[in-house]
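Novice:
Protein chains: 2
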Amino acid sequence: MARTGRRPGQTQTREDILAAARDQFAERGYGGATIRGIAAAAGVNPALVHHFFGSKDQVFVAALNLPFNPSVLVDTLLEGPRDRIGERVLRLFLGLWRRQETRAPFLALLRSVSNSPEVAAQMRTFMETAVLSRIAAALELPTLRLTAAASQMMGLAMVRYVLAAEPMASATDDEVVALVAPVIQRYFDP
Amino acid sequence: MARTGRRPGQTQTREDILAAARDQFAERGYGGATIRGIAAAAGVNPALVHHFFGSKDQVFVAALNLPFNPSVLVDTLLEGPRDRIGERVLRLFLGLWRRQETRAPFLALLRSVSNSPEVAAQMRTFMETAVLSRIAAALELPTLRLTAAASQMMGLAMVRYVLAAEPMASATDDEVVALVAPVIQRYFDP
């Protein structure tokens, strides 16, 4: 058994919370689920959920085994010069897809979004409330532009990694950045 | 039974050819399958396959129930002014997604590409050899740019129709064109 630094009881409690969270998100969607409801379903105190995970979006990220935490995305967007947001976001995204440990859950996510209206609905409200609205507020941008930028990145993942259509599949990250980053930047320039 | 204008024997032969084509594309991929091999598997003369469908890419479109024929896409790209390619292609694409009879097979295609490496491989070689290389030759463009344009359209479909993330899902076609067409156009301007 791998040494995790957690006591067995803690690990079990954490897993119980995640299982309850998956149920709650599936039943109520991201918008309807609450930390309080997840804690009740897991039979623990809400403070313990906060202790293990922090906020609701972090519970969501852990429960669905999402390949990234949107807080990291928001930080990456906001740090550094605004006229290079496109390149920063794209390099972060390409890096996540290059590493096997984040690539596999990304692929699983694309599959489940395409196959399950429930998962699609959860992801939709998660993106809307936990990711896009935060970035839109911080950058004072219409969210329509952010969904367009997200669509370019999602489609790039489909063509480069899922379809693996050439020559996009074999292009270097630098070649992809040179071609696509200005496009993403454009969506961030009002 | 619906009146199709075809005699029953013809309809059966056509279905036999399509079933053989699906087998051949699944076994050999788009690149490896041939009209001759499909005809042999269906027990008909290759001339009959040409008679019913025309070229190999048209057999592929029919066998996989694809929502568009790439010939239409190529025609749309090449007719009209080059500096409005982005808008023409995008309006064609949005129109296909708006109509239920093309939207359903588009969705099915996105799902099967995400779920089956075999379907992804067939689609990949089909896109590379039957769609992108033709357009690249006609417009004298690097195919990397075309795959980037295709990625923007595929991602737009994911966010607008599969995820249905707001406000992209409820935006009018005109709003989407105003925001995204210049981006697609950029990929077509070397």
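Chain order of the listed sequences is A and B.
Residues in the first sequence are numbered consecutively from 1, following our numbering.
Residues in the second sequence are numbered consecutively from 1001, following our numbering.
Ideal Cβ positions, reconstructed from N, Cα and C, are used throughout, including at glycine.
(1) Within 10 Å of its beta-carbon, does Glu1128 of chain B have 16 or more other beta-carbons around it, so buried, or fewer, so exposed?
(2) Evaluate contact between the segment 115-132 of chain A and the segment 162-180 of chain A, counting only Cβ atoms and requiring at least three cross-stretch pairs below 8 angstroms.
(3) Given this structure, state the Cα-to-Cα distance separating Val193 of chain A from Gly9 of chain A, to the nearest angstrom.
(4) Residues of chain B with CB closer than 8 angstroms to the CB of Glu128 of chain A, please, in chain order.
(5) By the 10 Å Cβ neighbour count, where 16 or more other Cβ atoms means buried, how is Gly1155 of chain B classified, buried or exposed?
(6) Note down the Cα distance separating Ala1063 of chain B from His1051 of chain B, rounded to an integer number of angstroms.
(7) Helix, strand or coil for Arg1044 of chain B per DSSP?
(8) Using 7 angstroms as the limit for Cβ to Cβ distance, is Val177 of chain A near chain B?
(9) By the 7 angstroms beta-carbon criterion, what residues does the segment 1107-1125 of chain B contribute toward chain A?
(10) With DSSP collapsed to three states, give me the class of Phe1053 of chain B.
(11) Return the residues of the segment 1147-1160 of chain B that lie within a Cβ-Cβ distance of less than 9 angstroms from chain A, sorted by chain order.
(12) Does the Cβ of Pro70 of chain A have 16 or more other Cβ atoms within 10 Å, making it buried, or fewer, making it exposed?
(13) With the cut-off set at 7 angstroms, would you say Gly54 of chain A and Thr125 of chain A are in Cβ contact?
(14) Looking at chain A, is there any beta carbon in it that lies within less than 7 angstroms of the beta carbon of Ala1040 of chain B?
(15) Among A:Thr34, A:Pro142, A:Leu90, which has the Cα closest to the Cα of Glu175 of chain A?
(16) According to a CB-to-CB cut-off of less than 7 angstroms, which residues of the segment 64-93 of chain A neighbour chain B?
(17) Could you say which of B:Thr1013, B:Ala1148, B:Gln1185, B:Arg1098 lies nearest to Ala165 of chain A if we only look at CA atoms?
(18) How many whole angstroms separate the CB atoms of Val44 of chain A and Thr13 of chain A, which I take to be in contact at a CB cut-off of 8 angstroms?
(19) Can you look up Ala1063 of chain B in the DSSP assignment and give me helix, strand or coil?
(20) For Pro142 of chain A and Leu132 of chain A, I'd like the C-alpha separation in whole angstroms.
(21) Return the first residue and the last residue of the alpha helix (DSSP H) that Glu121 of chain A is part of.
(22) Since I believe Pro1067 of chain B is in contact with Thr1102 of chain B (beta carbons under 8 angstroms), could you give me their beta-carbon distance rounded to a whole number of angstroms?
(23) Count the other CB atoms within 10 Å of the CB of Gln1185 of chain B; is the residue buried (16 or more) or exposed (fewer)?
(24) Hey, does Val1061 of chain B have any beta-carbon neighbour from chain A nearer than 7 angstroms?
(25) Measuring alpha carbon to alpha carbon, tell me which of B:Leu1163, B:Met1158, B:Arg1145, B:Val1159 ends up nearest Gly1183 of chain B.
(26) Indicate the three-state DSSP secondary structure (helix, strand or coil) for Thr247 of chain A in the structure shown.
(27) Considering only the alpha carbon of each residue, which of B:Leu1107, B:Ala1178, B:Gln1152, B:Ala1130 lies closest to Ala181 of chain A?
(28) With C-beta atoms as the reference, is Ala1130 of chain B less than 7 angstroms away from Asp1016 of chain B?
(29) Mind checking if Thr172 of chain A is an interface residue toward chain B, Cβ cutoff 7 angstroms exclusive?
(30) Which same chain residues end up closer than 7 angstroms to Ile1135 of chain B when comparing Cβ atoms and leaving out the 5 residues on each side of it in sequence?
(31) Which stretch, first to last residue, makes up the alpha helix (DSSP H) that contains Phe1093 of chain B?
(32) Identify which residue in A:Pro81, A:Val49, A:Leu96 has its Cα closest to the Cα of Val72 of chain A.
(33) Helix, strand or coil for Pro190 of chain A per DSSP?
(34) Residues in its own chain within less than 7 angstroms of Gly1032 of chain B by CB, not counting five upstream and five downstream?
(35) In three-state DSSP terms, what is Gly80 of chain A?
(36) So is Phe1188 of chain B buried or exposed if we call it buried at 16+ other beta carbons inside 10 Å?
Specialist: On the basis of the supplied data:
(1) buried
(2) no
(3) No statement about residue 193 of chain A is possible, as the shown extent of chain A runs from 1 to 190 and does not include it.
(4) Ala1165, Glu1166
(5) buried
(6) 15 angstroms
(7) The question names Arg, yet the displayed sequence has Val at residue 1044 of chain B. Three-state DSSP puts Val1044 of chain B in coil, outside helix and strand.
(8) no
(9) Leu1110, Arg1111, Val1113, Ser1114, Asn1115, Ala1120, Met1123, Arg1124
(10) helix
(11) Thr1147, Ala1148, Ala1150, Ser1151, Gln1152, Met1153, Met1154, Gly1155, Leu1156, Ala1157, Met1158, Val1159, Arg1160
(12) buried
(13) no
(14) no
(15) A:Leu90
(16) none
(17) B:Ala1148
(18) 6 angstroms
(19) helix
(20) 10 angstroms
(21) Note that residue 121 of chain A corresponds to Ala in the displayed sequence, not to Glu. 117-126 is the extent of the alpha helix (DSSP H) around Ala121 of chain A.
(22) 4 angstroms
(23) buried
(24) no
(25) First, the amino acid is wrong: residue 1183 of chain B is Val here, not Gly. Nearest C-alpha to Val1183 of chain B: B:Arg1145.
(26) Limits of chain A in this structure are 1 at one end and 190 at the other, which puts residue 247 of chain A out of reach.
(27) B:Gln1152
(28) no
(29) no
(30) Val1074, Leu1077, Leu1146
(31) 1085-1098
(32) A:Leu96
(33) coil
(34) none
(35) coil
(36) buried
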